[in-house]
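Quick note, the working numbering runs 2 ahead of the 1-based positions in the sequence shown.
C-beta: ideal position from N, C-alpha, C; glycine also.
Only one structure is covered here, and it is reproduced in the block below.
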Amino acid sequence: MKKLNLSDFYERYRRVISGLLASLVLTPFLLINDYNENSDLGIFQYAVVLFVAMLVLSNFYWAAKDVLLEGFRLRFILNLVFLNYLTIVVFADAYARSGVFNSGGDIVRDGAVALYFSTVTWTTLGYGDYRPQGFGMFLAPLQAVLGMYSVALVFGLIVGAVVRFETEKRNSDDQ
């Protein structure tokens, strides 16, 4: 296994964080073009946009692969992140079909609004500007629970890998 000094670790870690921030900034700008209630983009187009964002996230593998331990499954984490995106899109499709109420009480069946509502529900933010109706009332709590557990799983795996890296680094320095 290739040994890295601490400055290499922090340099590569910084690149991973900047890649994450770039992808988080990029995704809303891709969506904002048609983010209104008159949008004729369907959920499929938004799924394509999210897939492009996922490709940006896949660059983390190349930025972080040398930093992480051999046993750490970065691809597994990236697959979980992709699965999170896919789940958000599937729930958004269901919300677009059943509609969501806006704060004025009107039913909205727009793909962008459904994607926004799905993301807000997944992250359990719950702004309150939209609420589900019909079958979506049963889906929203399920999606919120899935979101909580999946985010905890991904971050737990990342923190565990960093702790293992630091422990191995400390043990190799002692020898």
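Measure the C-alpha to C-alpha separation of residue i and residue j and round it to an integer number of angstroms.
| i | j | result |
| --- | --- | --- |
| Val-165 | Phe-157 | 12 angstroms |
| Gln-177 | Ala-154 | 34 angstroms |
| Ser-105 | Gly-149 | 24 angstroms |
| Ala-163 | Leu-80 | 14 angstroms |
| Phe-93 | Leu-82 | 16 angstroms |
| Val-122 | Leu-144 | 13 angstroms |
| Tyr-129 | Phe-84 | 24 angstroms |
What are the boundary residues of the beta strand (DSSP E) that includes residue i?
| i | result |
| --- | --- |
| Arg-220 | Only positions 3 to 177 of the chain appear in the structure, and residue 220 is not among them; the question remains open. |
Going by DSSP, what residues sit across from residue i in a beta bridge?
| i | result |
| --- | --- |
| Phe-103 | Ile-109 and Arg-133 |
Taking only three categories from DSSP, how would you classify residue i?
| i | result |
| --- | --- |
| Leu-141 | helix |
| Gly-128 | coil |
| Asn-35 | With a pLDDT of 46 at Asn-35, under the threshold of 50, the modelled position of this residue cannot be trusted, and the question is left open. |
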